[in-house]
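Colleague: Residue numbers (the working numbering), protein chains in the order written: chain X, 55 to 481; chain P, 55 to 481. Dropping the structure in here first, questions after.
Protein chains: 2
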Amino acid sequence: MAMKNWIGHVAATGAAKEFGIATGELEILDDASICSTPGIAAAGTHAGVKAEGALDLALVDAGVVCNSAGVFTSNRAKAAPVLVSIDHLADGKARGIAANSGCANACTGERGVEDSIAMTAAAADLFACAPSQVLVASTGLIGFYLPIAAVTSGISGATLGTDSQCGHAAARAIMTTDTVPKEAAVKTSVGGKEVTVSGMAKGAAMLAPSMATMLGFITTDASIEADVLQVALRSAVASTFNRISVDACQSTNDTVVALATGTAGNQTIDTPGAPGFLEVGDAISEVCAQLALKMVCDGEGATKVARIAVNGAASASDALAVARAIASSVLVRCSLHGADPYWGRIASEIGASGADEVRPELVSISYGGTAVAAKGVAIPHDEDLVREHMAKPIVEIVCDLGLGDGSSVMFSCDLGPGYIEENRGTS
Amino acid sequence: MAMKNWIGHVAATGAAKEFGIATGELEILDDASICSTPGIAAAGTHAGVKAEGALDLALVDAGVVCNSAGVFTSNRAKAAPVLVSIDHLADGKARGIAANSGCANACTGERGVEDSIAMTAAAADLFACAPSQVLVASTGLIGFYLPIAAVTSGISGATLGTDSQCGHAAARAIMTTDTVPKEAAVKTSVGGKEVTVSGMAKGAAMLAPSMATMLGFITTDASIEADVLQVALRSAVASTFNRISVDACQSTNDTVVALATGTAGNQTIDTPGAPGFLEVGDAISEVCAQLALKMVCDGEGATKVARIAVNGAASASDALAVARAIASSVLVRCSLHGADPYWGRIASEIGASGADEVRPELVSISYGGTAVAAKGVAIPHDEDLVREHMAKPIVEIVCDLGLGDGSSVMFSCDLGPGYIEENRGTS
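Take a look at the structure:
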């Protein structure tokens with residue numbers, strides 16, 4: 055199955071399941087966009103950050119002040135828009151989002167913060183709300199100032215719409231080295247009321263999954279308190295965006311925010327134990343999972359994706375540490391590029407992972423269901439079968455540590471010359 | 055200055071100084087080999103691990119039982135020869151070393167341990183000592199068994215010699231993807247007695263500096279107790295081999311051992327405070343520094359090397375964490391390959407380094423002495439000068455964190471298509 059067909063397949067059958075998250079009954083929506091959520095208006099336009107004609111400015115207006123939540127980069131060098139969005143989210147309220155691509159507005163000091171505030175002010179005029187009700191995000195080159203007059207003028211002149219074309223334009227406008235836009239939407243039911251969750255994301259490199267990664271914007275019409283939405287969003291991010299790795303580099307700008315309009319009419323979800331929390335949480339996780347898979351499949355220069363499942367660990371955190379070490383290894387990723395089943399590199403990464411408990415003599419490794427090593431040593435196996443599997447665009451690696459019940463899943467992509475070509479220069 | 059000329063230059067003027075280690079008066083020896091130390095015999099031969107004709111077996115015989123020390127990989131998946139050498143070094147005594155290339159004898163279970171013991175037994179016969187007095191090392195592919203009959207037969211048939219040609223052959227026989235052998239030797243004076251330290255090493259990938267890295271064999275005629283030699287070796291390794299990074303992958307086989315024949319006639323150095331400790335320690339550090347620089351310059355596919363100095367950190371450990379993060383970043387290494395001064399990636403790695411104290415708004419960054427960022431933001435600078443510097447094979451990156459007196463140095467190399475080509479396949 056080709057990489058893109060595979061995304062379509064898992065998006066139709068439940069991407070969250072690929073990450074090992076139990077997902078209940080959800081309706082996966084076609085023609086998904088951030089506007090799939092009723093009441094959400096969006097725009098994608100050219101403001102003048104990128105070269106003429108390229109979309110570089112996205113706006114999302116929820117129409118009402120929403121209970122909102124956010125997860126941001128753990129990098130100490132937080133970009134200006136991250137600092138401003140964290141500040142604006144302090145009260146758990148937001149009306150909309152202004153985001154640009156082409157310039158990260160990172161490492162730009164006080165002027166960068168002023169520019170981000172100017173973006174929120176311009177969007178606030180357009181949305182007819184207070185600037186503190188606008189969240190802001192930027193993505194692109196680090197160390198450069200925004201052409202702020204062009205950006206604010208682009209915001210002022212934008213035309214918002216609620217149809218899917220407007221959503222698609224917004225998803226395109228946040229792309230940098232992404233080759234395809236990333237959108238997802240699902241419907242669920244809460245106490246007899248239909249609830250929609252939709253989202254869009256960008257990200258193809260500087261993807262390191264120990265925090266929120268990339269830009270991701272989620273909307274829902276569910277009625278849910280901000281602190282409860284924060285719990286659901288943090289959990290969804292941990293299990294999806296934080297389980298993909300392209301290059302183990304943490305960005306200065308990573309931002310995932312969720313806005314809940316509350317217009318679905320469900321009884322407000324006011325605690326993580328309240329009716330509807332699981333349904334809405336599952337829907338958010340599914341949207342995040344679809345977006346995460348689309349990101350790793352679109353990793354810079356990527357020609358294939360690996361699903362790395364680690365089972366039998368002494369703890370879930372050990373399983374995740376091992377899966378992350380394998381997913382981040384440039385040597386494992388070179389092997390993927392060469393479609394070469396060099397399991398010794400995986401065994402070495404397991405040993406070097408820093409997991410609390412690892413006993414190399416108990417480790418088993420398989421590719422596509424064919425065991426190639428057991429109890430830490432090579433075992434006879436059908437080499438043709440493994441070779442055939444390694445040639446596929448989706449490679450399944452399963453490691454069993456032989457110790458306990460801990461398990462985890464990570465997705466990674468191969469490291470090929472395309473990544474280097476993409477990243478040799480600044481632009 | 056070309057990369058190889060530069061190595062010659064620093065080897066002649068004191069490589070340890072490049073790592074920020076104060077080195078006293080030392081005589082750098084020409085035609086260096088492990089045999090530069092009086093009394094050391096060596097051999098490099100073809101035993102049959104690699105294809106016909108290629109050297110794949112190295113032997114070092116100190117002629118006497120030596121006070122010895124070792125530093126080994128921190129990987130939990132330790133290769134069989136590592137386990138056997140740790141065991142044989144438990145009493146701080148060793149007579150010689152048997153090492154092969156082409157097969158790492160890692161992930162080989164009990165049979166691997168038996169094979170390593172068989173290598174020590176064959177070498178013990180040749181050296182006329184006990185098998186427990188022989189250290190063993192292997193390097194090459196993980197997950198494969200040694201052709202042990204060929205290896206032991208190769209050991210039995212080897213002819214040891216004390217001339218430099220024998221030393222050079224041994225240095226060639228431990229190479230895997232290395233393109234040049236790595237040897238170094240220096241002389242110092244201890245209480246009026248001349249003392250020599252010499253060494254050889256191999257390593258071009260799977261180089262991650264949070265432990266001993268690669269294979270390195272050091273000999274000296276100094277008289278020094280084993281536990282004091284261990285202190286000197288551990289310190290030298292920490293400041294040299296552990297300050298280079300090629301791909302942030304930890305090997306299963308990393309081994310650095312030092313053998314001291316005690317024939318130089320100096321008063322035995324029996325504590326780290328005893329006369330002569332600093333001189334011998336400096337000499338060991340200088341040999342390790344030369345070998346470490348040769349390794350990073352020979353990194354797989356490397357076309358250039360970066361010296362990354364971090365100053366002004368709140369602590370030395372913070373400085374090292376930041377330098378290591380920059381050195382390990384695939385994005386920074388891609389920029390090096392493209393000779394592109396994208397300092398934003400460096401600023402991002404500083405923020406993501408995990409150092410205890412980082413204040414992005416205080417950070418300064420320079421390339422080749424030209425400051426490109428100060429107080430966390432871009433500053434006007436002579437772009438031609440930076441471009442000229444980035445085109446050189448040795449790039450100097452200096453970051454000042456603006457916080458305190460902590461400083462550290464790391465060396466890294468660029469990430470280019472050559473690395474991927476080398477590592478796509480198993481062989």
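Here a beta-carbon is modelled for each residue, glycine too, at the ideal position from N, C-alpha and C.
1) Relative to chain X, which residues along the segment 362–384 of chain P have a C-beta separation below 9 Å, given in chain order?
2) Looking at the strands, I want to know which residues DSSP matches up with T22 (chain P).
3) Answer with yes or no whether the minimum CB distance from C220 (chain X) to chain P is below 8 Å.
4) If we count the other Cβ atoms within 10 Å of its Cβ and call it buried at 16 or more, is S210 (chain X) buried or exposed?
5) Please work out which residues of its chain come closer than 7 Å, Cβ to Cβ, to D372 (chain X), disregarding the five sequence neighbours upstream and downstream, and give them in chain order.
6) At 8 Å on the CB atoms, spell out the chain X contacts of P414 (chain P), in chain order.
7) Measuring CA to CA, which of X:G319, X:N365, X:G335, X:M55 is closest to L457 (chain X)?
8) DSSP on F295 (chain X), reduced to helix/strand/coil?
9) Compare the C-beta of H142 (chain P) with all C-beta atoms of chain X and state if any pair is closer than 8 Å.
10) In whole angstroms, give me the CA-to-CA distance for V449 (chain P) and A363 (chain X).
11) Counting along the chain, where does the beta strand (DSSP E) carrying D459 (chain X) start and finish?
12) Does the structure place the segment 132–142 of chain P close enough to the segment 326–335 of chain P that three or more beta carbon pairs sit under 8 Å?
13) Using the Cβ count rule (16 or more neighbours within 10 Å means buried), how would you classify G156 (chain X)?
14) Spatial neighbours of K247 (chain P) within its chain, please: CB distance less than 8 Å, with the 5 preceding and 5 following residues excluded, ordered by chain position.
15) Can the beta-carbon of H63 (chain P) be found closer than 8 Å to that of M57 (chain P)?
16) Return the first residue and the last residue of the alpha helix (DSSP H) that D141 (chain X) is part of.
17) For T424 (chain X), which beta-bridge partners are listed by DSSP?
18) So with Cβ pairs under 8 Å, would you call H435 (chain P) a contact of chain X?
19) Check L180 (chain P) in the structure and name its three-state DSSP category.
20) What are the boundary residues of the beta strand (DSSP E) that includes V364 (chain P)?
21) Mind checking which residues open and close the beta strand (DSSP E) that includes R149 (chain X)?
22) So the candidates are P:A312, P:E475, P:V188, P:H142; which of them puts its Cα closest to the Cα of V251 (chain P)?
23) Excluding the five sequence neighbours on either side, which residues of its own chain have a C-beta within less than 6 Å of the C-beta of A314 (chain P), listed in chain order?
24) Looking only at its own chain, which residues have a Cβ that is under 6 Å from the Cβ of T174 (chain X), when we skip the five neighbours before and after it?
25) For chain X, check one thing: does any of its Cβ atoms lie closer than 8 Å to the Cβ of H443 (chain P)?
26) When Cβ atoms are compared, which residues of the segment 450–474 of chain X fall closer than 7 Å to chain P?
27) Is it true that the CB of L80 (chain P) sits closer than 8 Å to the CB of A337 (chain P)?
28) Under 8 Å between the Cβ atoms of P234 (chain X) and D352 (chain X)?
29) For D169 (chain X), which three-state DSSP category applies?
30) Hey, would you say E403 (chain P) sits closer than 8 Å to A379 (chain P), going by beta carbons?
31) Could you tell me whether any Cβ in chain P is nearer than 8 Å to the Cβ of N477 (chain X)?
32) Please report the Cβ distance between V440 (chain X) and V426 (chain X), rounded to the nearest whole angstrom; I am assuming they are in contact, meaning their Cβ atoms lie under 8 Å.
33) So, with DSSP's three-state summary, where would you put V452 (chain X)?
34) Name, in chain order, the residues that DSSP records as bridge partners for K236 (chain P).
35) Once DSSP output is grouped into helix, strand and coil, what is the label at V125 (chain P)?
36) Answer with buried or exposed for G257 (chain X), where buried requires no fewer than 16 other C-beta atoms within 10 angstroms of its C-beta.
Modeller: Reading off the structure:
1) For the segment 362–384 of chain P, which is checked against every Cβ of chain X, the residues closer than 9 Å are S382, S383, V384.
2) Missing from the structure shown is residue 22 (chain P); chain P here goes from 55 to 481 and no further.
3) With 8 Å as the cut-off, C220 (chain X) does not count as an interface residue toward chain P.
4) Exposed: under 16 other Cβ atoms inside 10 Å.
5) Excluding sequence neighbours, D372 (chain X) sits near A409, D410, E411, G460.
6) Neighbours of P414 (chain P) on chain X, chain order: R130, A131, K132, C161.
7) The residue with the shortest Cα to Cα distance from L457 (chain X) is X:N365.
8) Secondary structure of F295 (chain X) (DSSP, three-state): helix.
9) Output row for H142 (chain P): interface = no.
10) Near 40 Å, if we compare the C-alpha coordinates of A363 (chain X) and V449 (chain P).
11) Run containing D459 (chain X): none; DSSP gives neither H nor E here.
12) Contact between the segment 326–335 of chain P and the segment 132–142 of chain P is absent, with fewer than three C-beta pairs closer than 8 Å.
13) The Cβ neighbour count for G156 (chain X), taken over all protein chains shown within 10 Å, is at least 16; the residue is labelled buried.
14) Within the same chain, A318, G319, N320 come within 8 Å of K247 (chain P) by CB-CB distance, once the 5 residues on both sides are set aside.
15) Between H63 (chain P) and M57 (chain P), the C-beta gap is not smaller than 8 Å, which leaves the two residues out of contact.
16) Taken as a continuous stretch (DSSP letters only), the alpha helix (DSSP H) holding D141 (chain X) covers 134–142.
17) Its beta-bridge partners are X:Y421.
18) So no, H435 (chain P) is outside the interface.
19) Residue state for L180 (chain P) is assigned as helix, using DSSP reduced to three classes.
20) Segment 359–367, the beta strand (DSSP E) holding V364 (chain P).
21) Note, R149 (chain X): beta strand (DSSP E), 147–157.
22) With distances taken between Cα atoms, V251 (chain P) lies closest to P:A312.
23) Once the five neighbours on either side are set aside, the close Cβ partners of A314 (chain P) are C120, N121, T274, A276, I278, L283.
24) Result list for T174 (chain X): P185, V188, V190, in chain order.
25) The C-beta of H443 (chain P) comes no closer than 8 Å to any C-beta of chain X.
26) If the cut-off is 7 Å between Cβ atoms, the segment 450–474 of chain X has L469, G470, P471, I474 near chain P.
27) Their beta carbons are under 8 Å apart, which means A337 (chain P) touches L80 (chain P) by this criterion.
28) With the sequence shown as reference, residue 234 (chain X) is identified as Val, and Pro is not the correct amino acid for it. Cβ atoms of V234 (chain X) and D352 (chain X): closer than 8 Å.
29) Three-state result, D169 (chain X): helix.
30) In terms of Cβ geometry, E403 (chain P) and A379 (chain P) form a close pair [threshold 8 Å].
31) Closer than 8 Å to some Cβ of chain P, the Cβ of N477 (chain X) qualifies, so yes.
32) Right, the Cβ-Cβ distance comes to about 6 Å (below 8 Å), so this counts as a contact.
33) The three-state reading of DSSP puts V452 (chain X) in strand, counting E and B together.
34) The partner list for K236 (chain P) (beta bridge, DSSP) reads P:A255.
35) V125 (chain P) sits in a strand when the DSSP states are folded into three classes.
36) Under this definition G257 (chain X) is a buried residue.
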